[in-house]
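Peer 1:
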């Protein structure tokens with residue numbers, strides 16, 4: 022099959038239909054398709070259409086509930102909570118996000134807890150959605166225990182992503198979203214397939230010794246970024262995005278699934294902050310002052326995070342998204358038969 | 022003069038008197054002395070009595086207001102604000118902290134903004150104080166621009182500390198507090214004095230090239246920890262703890278002071294989260310589940326952050342704090358004459 026170019030809308034409809042055909046409710050399928058297409062659109066192949074099979078495999082194993090309806094709970098406080106009912110996270114996020122932004126604007130700061138979800142998306146689509154509401158936002162969640170704490174010798178922490186965004190009027194937001202491990206597990210897998218050694222400092226073997234052998238690393242543990250500092254942040258994510266919100270830690274997630282073949286089941290914590298509320302009564306416009314900072318960063322040749330992603334997005338919006346013949350054949354097959 | 026051993030209370034009284042004699046109000050002097058003695062007590066010499074002279078020098082230069090009264094502002098929302106009036110931060114923190122904890126327990130999450138302060142203390146004493154109220158807490162603030170963003174070539178960001186704490190029933194809390202630069206400026210200064218090269222990756226020279234020469238590093242810029250990830254976190258701190266709260270960024274702080282000889286003037290952001298509120302209605306006790314995580318970390322030989330500090334504290338509480346003859350002579354002199 023030759024390469025195929027689709028508009029963003031066409032690809033979103035195609036991916037949505039794959040999930041609908043697999044028995045996922047429209048309320049879940051649409052948001053799931055949107056985050057998958059956002060990954061593909063932004064040149065993040067690792068979070069693009071490649072993810073569909075993992076979703077369908079997890080669905081077939083009964084480890085995610087395609088028929089679940091996310092349920093919103095809120096009181097007068099600063100916590101909005103959505104129980105995903107074992108379903109995919111994006112629909113739950115979409116339900117809670119506008120309320121989170123409004124609550125942050127009312128109170129200054131507020132939190133959204135997503136419980137009981139299957140999480141497979143990057144965090145930046147959520148961060149961008151919140152920034153679109155004019156609030157700054159933080160997001161974090163556990164994953165599977167594949168990372169050793171700094172100074173340790175065995176998997177315990179997850180690759181625990183940490184993301185932040187700041188809204189920029191009339192521009193795409195300042196957004197970062199990274200794993201708190203040095204590298205992603207997929208990158209180690211790529212080295213294994215290519216037969217190339219890992220850079221030093223990525224991983225330890227089963228005995229807790231530093232290794233550059235990809236297979237030994239996969240049998241052992243990955244390491245946190247930035248030594249004890251990254252390890253501490255990753256531990257914070259287990260506490261806030263796991264124990265505190267009453268959802269699974271990375272070790273509990275892996276114990277529950279028994280394998281990393283299925284997408285992880287746990288919760289997520291998002292925090293939104295209103296720059297208007299925080300700057301009230303103080304000199305200066307926080308948005309204009311942030312632009313001064315961004316200009317100083319770019320001015321010395323440093324790149325703001327997400328710029329590569331935004332450039333890819335511009336191309337996709339203008340020229341569409343091109344999938345390889347192999348990718349297109351797989352999607353077409355999954356449309357008729359969601360078995361993977 | 023021989024070494025002198027003082028109880029924690031005796032040293033606190035001595036340091037308080039030094040600040041009172043220098044014309045600082047009791048409301049500011051007590052909290053300042055407490056954080057300085059906490060540093061000395063915990064074996065953090067870099068935040069101990071060594072800091073007194075920097076405080077007095079900043080006072081003499083009129084860059085901190087020893088007579089300022091911190092002013093509390095609050096509404097029905099989730100933001101507590103204390104304007105330090107140009108005074109030292111600890112008194113402002115002490116005024117706002119109990120209200121922050123209570124507001125977090127009421128709403129689930131809340132923030133304390135300290136504006137217009139001179140900041141010289143580590144963040145962990147504040148984090149520990151909030152954990153004593155039973156809430157988890159985050160703290161961050163800018164400093165002076167001495168750190169280049171990842172990929173950049175000149176100082177722009179500060180060493181911007183980031184701290185987090187989780188309360189542990191009947192135990193000292195889980196606490197981390199670190200600079201988002203690879204190393205502290207003081208560590209580079211120590212290498213310069215000792216005539217030893219810096220480890221690679223600490224700094225760049227004036228031309229933006231990697232250097233291991235301490236003087237070239239001091240003339241150039243430090244680097245963020247963890248490459249682009251640490252750089253992104255440091256940028257987040259400039260945004261949230263500077264632009265958003267309507268207070269100075271690290272570059273503005275250095276522009277305002279014109280030198281790093283005085284303590285930095287800026288603001289601080291603290292966020293408190295109530296584990297009871299976040300876990301309400303969910304299975305499991307968040308505190309017990311956190312202990313399971315800590316046990317798994319320690320169980321594989323990894324150290325929880327702050328353990329060295331807590332061990333030093335135990336010794337100080339039992340045996341008192343021993344100051345060298347030179348340190349004691351300096352304190353005695355400052356008691357009579359605060360000119361430095």
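Chains as they are written, first to last, in this note's numbering: chain A, 22 to 361; chain B, 22 to 361. Backbone N, C-alpha and C fix where the C-beta goes; we use that ideal spot for every residue, glycine too.
#1: From the DSSP output, read off the bridge partner residues of residue 104 of chain B.
#2: Does chain A have any CB closer than 8 Å to the CB of residue 218 of chain B?
#3: I need the straight-line Cα distance from residue 16 of chain B to residue 154 of chain B, nearest angstrom please.
#4: For residue 304 of chain B, go through chain A and note every residue whose CB falls closer than 8 Å to its CB, in chain order.
#5: Which value, in whole angstroms, describes the spacing of the CA atoms of residue 246 of chain A and residue 167 of chain B?
#6: In terms of residue numbering, what span does the beta strand (DSSP E) encompassing residue 189 of chain A cover?
#7: Between residue 247 of chain A and chain B, is there a C-beta pair that is closer than 8 Å?
#8: Looking at chain A, is there any beta carbon in it that lies within less than 8 Å of the beta carbon of residue 74 of chain B?
#9: Looking at the C-beta of residue 250 of chain B, does it have a partner C-beta in chain A at a distance below 8 Å?
#10: If the cut-off is 7 Å on Cβ atoms, which residues from the region 221-245 of chain B count as contacting chain A, listed in chain order?
#11: Rounded to whole angstroms, what is the Cα-Cα separation between residue 200 of chain B and residue 180 of chain B?
#12: Below 8 Å, can you find three or more Cβ-Cβ pairs linking the region 32-44 of chain A to the region 347-357 of chain A?
#13: Measuring alpha carbon to alpha carbon, tell me which of A:160, A:85, A:35, A:231 ends up nearest residue 357 of chain A.
#14: Run through chain C and tell me which residues come within less than 8 Å of residue 292 of chain B, C-beta to C-beta.
#15: Distance check for residue 290 of chain A and residue 67 of chain B, CA to CA, integer angstroms please.
#16: Over the uninterrupted beta strand (DSSP E) stretch that includes residue 161 of chain B, give me the two end residues.
#17: Report the start-end ranges of each beta strand (DSSP E) in the region 244-303 of chain A that is 3 residues or longer and not cut off at the edges.
#18: Which residues, taken in chain order from the region 96-110 of chain A, show a beta carbon closer than 7 Å to some beta carbon of chain B?
#19: Answer with buried or exposed for residue 88 of chain A, where buried requires no fewer than 16 other C-beta atoms within 10 angstroms of its C-beta.
#20: Compare the C-alpha of residue 151 of chain B against each of B:249, B:178, B:132, B:138 and name the closest.
#21: Classify residue 331 of chain A as helix, strand or coil using the three-state DSSP reduction.
#22: Taking C-beta pairs closer than 9 Å, name the residues in chain A that residue 321 of chain B reaches, listed in chain order.
#23: Any C-beta of chain B sitting closer than 8 Å to the C-beta of residue 146 of chain A?
#24: Sort A:211, A:228, A:163 by Cα distance to residue 220 of chain A and report the nearest one.
#25: Do the region 131-150 of chain B and the region 99-115 of chain B meet, that is, are 3 or more Cβ pairs less than 8 Å apart?
#26: Which class does residue 67 of chain B belong to by DSSP, given the choice of helix, strand or coil?
#27: Considering Cα atoms alone, identify which of A:341, A:295, A:236 is closest to residue 216 of chain A.
#28: Any idea what DSSP makes of residue 226 of chain A, helix, strand or coil?
#29: Is it buried or exposed for residue 198 of chain B, if we count other Cβ within 10 angstroms and need 16 for buried?
#30: If you measure from the beta carbon of residue 209 of chain A to each beta carbon in chain B, is any gap under 8 Å?
#31: Let me check understanding here. Comparing Cα to Cα, which of B:48, B:65, B:71 lies closest to residue 86 of chain B?
#32: For residue 259 of chain A and chain B, any beta-carbon pair shorter than 8 Å?
#33: Find out if the Cβ-Cβ distance for the pair residue 272 of chain A, residue 184 of chain B is shorter than 8 Å.
#34: Using the beta-carbon count (16 or more within 10 Å), is residue 347 of chain A buried or exposed?
#35: Distance check for residue 24 of chain A and residue 343 of chain A, CA to CA, integer angstroms please.
Peer 2: Looking at the coordinates:
#1: On the second chain, position 83 is the one that residue 104 of chain B refers to. Note: residue 104 of chain B sits in a beta bridge opposite B:92, B:136.
#2: Along the second chain, one-based indexing puts residue 218 of chain B at 197. It does not: the Cβ of residue 218 of chain B has no partner Cβ on chain A nearer than 8 Å.
#3: The structure shown does not extend to residue 16 of chain B, since chain B is modelled only from 22 to 361, so the question has no answer here.
#4: As a first step, residue 304 of chain B must be located in the second chain, where it is residue number 283. Those within 8 Å of residue 304 of chain B in chain A are 267.
#5: The sequence position of residue 246 of chain A within the first chain is 225, counting from 1. The sequence position of residue 167 of chain B within the second chain is 146, counting from 1. Cα to Cα, residue 246 of chain A sits roughly 22 Å from residue 167 of chain B.
#6: Counting from 1 along the first chain, the entry for residue 189 of chain A is found at position 168. 182-189 is the extent of the beta strand (DSSP E) around residue 189 of chain A.
#7: Within the first chain, the letter at position 226 stands for residue 247 of chain A. Closer than 8 Å to some Cβ of chain B, the Cβ of residue 247 of chain A qualifies, so yes.
#8: Along the second chain, one-based indexing puts residue 74 of chain B at 53. Taking Cβ atoms only, chain A never reaches closer than 8 Å to residue 74 of chain B, which makes this a no.
#9: Within the second chain, numbered from 1, the residue matching residue 250 of chain B stands at position 229. Chain A contact via Cβ: present.
#10: none
#11: On the second chain, position 179 is the one that residue 200 of chain B refers to. On the second chain, position 159 is the one that residue 180 of chain B refers to. Approximately 5 Å, taken between the alpha carbons.
#12: yes
#13: As a first step, residue 357 of chain A is located in the first chain; it is residue number 336 there, counting from the start. Among A:160, A:85, A:35, A:231, the Cα nearest to that of residue 357 of chain A is on A:35.
#14: You won't find chain C in this structure, because its protein chains are A and B.
#15: Residue 67 of chain B sits at position 46 when you count from the first residue of the second chain. Residue 290 of chain A sits at position 269 when you count from the first residue of the first chain. Computed Cα separation, rounded: 35 Å.
#16: Here residue 161 of chain B is taken as the residue at index 140 of the second chain, counted from 1. From DSSP, the beta strand (DSSP E) with residue 161 of chain B extends over 157-161.
#17: 286-294
#18: 98, 99, 100
#19: Stepping through the first chain from its first residue, residue 88 of chain A is reached at position 67. Exposed: under 16 other Cβ atoms inside 10 Å.
#20: Working through the second chain from its first residue, we reach residue 151 of chain B at position 130. Taking only the C-alpha atoms, the option nearest residue 151 of chain B is B:132.
#21: Against the first chain, residue 331 of chain A aligns to sequence position 310. Helix.
#22: Here residue 321 of chain B corresponds to residue number 300 of the second chain, with the count starting at 1. The contacting residues are 169, 170, 172, 173, 174, 175, 177, 229.
#23: Position 125 of the first chain, counting from 1, holds the residue named residue 146 of chain A. Not an interface residue.
#24: Taking the first chain and counting its residues from 1, the one referred to as residue 220 of chain A is at position 199. Out of A:211, A:228, A:163, A:211 has the C-alpha closest to the C-alpha of residue 220 of chain A.
#25: yes
#26: Here residue 67 of chain B is taken as the residue at index 46 of the second chain, counted from 1. It is helical.
#27: Mapped onto the first chain, residue 216 of chain A falls at position 195. The option with the nearest alpha carbon to residue 216 of chain A is A:236.
#28: Numbered from 1 along the first chain, position 205 holds the residue referred to as residue 226 of chain A. If DSSP states are grouped into helix, strand and coil, residue 226 of chain A belongs with coil.
#29: Here the question's residue 198 of chain B lines up with position 177 in the second chain. Buried is the call here.
#30: Within the first chain, residue 209 of chain A is the residue found at index 188, counting from 1. It does not; no Cβ of chain B falls within 8 Å.
#31: Indexing the second chain from 1 puts residue 86 of chain B at position 65. That would be B:48, whose Cα lies nearest to the Cα of residue 86 of chain B.
#32: As a first step, residue 259 of chain A is located in the first chain; it is residue number 238 there, counting from the start. Closer than 8 Å to some Cβ of chain B, the Cβ of residue 259 of chain A qualifies, so yes.
#33: Mapped onto the first chain, residue 272 of chain A falls at position 251. Mapped onto the second chain, residue 184 of chain B falls at position 163. Against a cut-off of 8 Å, the Cβ pair of residue 184 of chain B and residue 272 of chain A comes out as no contact.
#34: On the first chain, position 326 is the one that residue 347 of chain A refers to. It counts as exposed.
#35: In the first chain, the residue the question calls residue 343 of chain A occupies position 322. In the first chain, the residue the question calls residue 24 of chain A occupies position 3. So the alpha carbons of these two residues sit roughly 7 Å apart.
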